[in-house]
Amino acid sequence: MKKGFVFDLDGVITDTAKFHYLAWKDLADELGISIDLKFNEQLKGISRMDSLERILAYGNQADKYTEAEKEELATKKNTHYVELLQDLTPDDLLPGVKAFLDEANEKNIPCAIASASKNAPFILEKLAVREAFAAIVDPATLTKGKPDPEIFIRAAEAINITPAEAVGFEDAQAGLDGIKAAGMYAVGVYSGEELHGADVIVHELTDLSIDELLQK
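Letter 110 of the sequence shown, counting from 1, is numbered 1387 in our numbering, and no numbers are missing.
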């Protein structure tokens, strides 16, 4: 029996990938690095600093900046990203998410967010679903990012269940790898990226039955 749900944010609850891309592209342009949507696929599901490192390596600038300067660049990107998020509303929830969360709460199934995004609380407030989640893992408290299972193990602990009692939801391969490494049942949410290793793959949460998931 499963007892709780652990969700990634971007690509599962809402799609803010376009905002991430615009903010990263603007920063990359300033640095003289040209990135496109294909390259952006590499940035999904990983941390802000890891994303910056990949962009700098792609532009052959990996050794150009100090750690302090990299922190400033990442902060600059995030400031722009948050500005882009100001227009986010509940209408930006992905199909089926609100109904799924409502049913989970009605059935007293605890839900947690396991996202690399430090903006998760702000985004959930804008989407008007913050109260649906009993816990949000703070990525700043982690020692390793996805695909390491740490964030998913912490999310399960935060809602007082074991990883084996959790169902994890992810749209990125790095996240799915982390879910499986944690020992969770994995739901892959297809968002254009080919996914491997999921126990089930759906296009949206309306394709799932909560009662059937709990029996996994």
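A virtual CB, placed ideally from N, CA and C, is assigned to each residue, including glycine. Remember, it's a predicted structure, so these values are computed and weren't measured experimentally.
*Report back the beta-carbon spacing between residue 1367 and residue 1281 to the nearest angstrom; my notes put them in contact at under 8 Å.*
Not confirmed; about 24 Å, so no contact.
*Which ranges would you report for the alpha helix (DSSP H) in the region 1332-1419 if only whole runs of at least 4 residues count?*
1344-1362, 1374-1383, 1397-1404
*Please determine if the region 1387-1407 and the region 1417-1437 are in contact, where contact requires at least 3 C-beta pairs separated by less than 8 Å.*
Cβ pair count under 8 Å is three or more, so yes.
*State the CB to CB distance for the pair residue 1323 and residue 1301, rounded to an integer number of angstroms; the pair is presumed to be in contact (CB under 8 Å).*
Not a contact, Cβ separation roughly 12 Å.
*Rounded straight-line distance, which links the Cα of residue 1295 to that of residue 1354*: 13 Å
*Residue environment, residue 1293, which counts as buried when at least 16 other CB atoms sit within 10 Å*: By the 10 Å Cβ count, residue 1293 comes out buried.
*Would you kindly check if the distance between the Cβ of residue 1424 and the Cβ of residue 1451 is under 8 Å?*
yes
*Are the Cβ atoms of residue 1327 and residue 1469 separated by less than 8 Å?*
no
*Mark residue 1486 as exposed unless 16 or more other C-beta atoms lie within 10 angstroms of its C-beta, in which case mark it buried.*
exposed
*In whole angstroms, what is the alpha-carbon distance linking residue 1380 and residue 1363?*
28 Å
*According to DSSP, residues forming a beta bridge with residue 1443*: 1281
*Reducing DSSP to helix, strand and coil, say where residue 1291 ends up.*
strand
*Nearest CA to the CA of residue 1336: which residue from 1359, 1308, 1352?*
1308
*So, are the CB atoms of residue 1429 and residue 1459 less than 8 Å apart?*
yes
*Counting only runs of 3+ residues fully inside the region 1437-1491, write out the beta strand (DSSP E) ranges in chain order.*
1443-1447, 1462-1466, 1477-1479
*Taking the alpha-carbon positions, what's the residue 1395 to residue 1417 distance?*
Approximately 7 Å between the Cα atoms of the pair.
_Proximity below 8 Å, CB of residue 1371 to CB of residue 1291_ = yes
_Whole angstroms are fine: how far does the CA of residue 1483 sit from the CA of residue 1316?_
30 Å
*Whole angstroms is fine: what's the gap from residue 1445's alpha carbon to residue 1344's?*
33 Å
*Between the C-alpha atoms of residue 1443 and residue 1393, what's the straight-line distance to the nearest angstrom?*
19 Å
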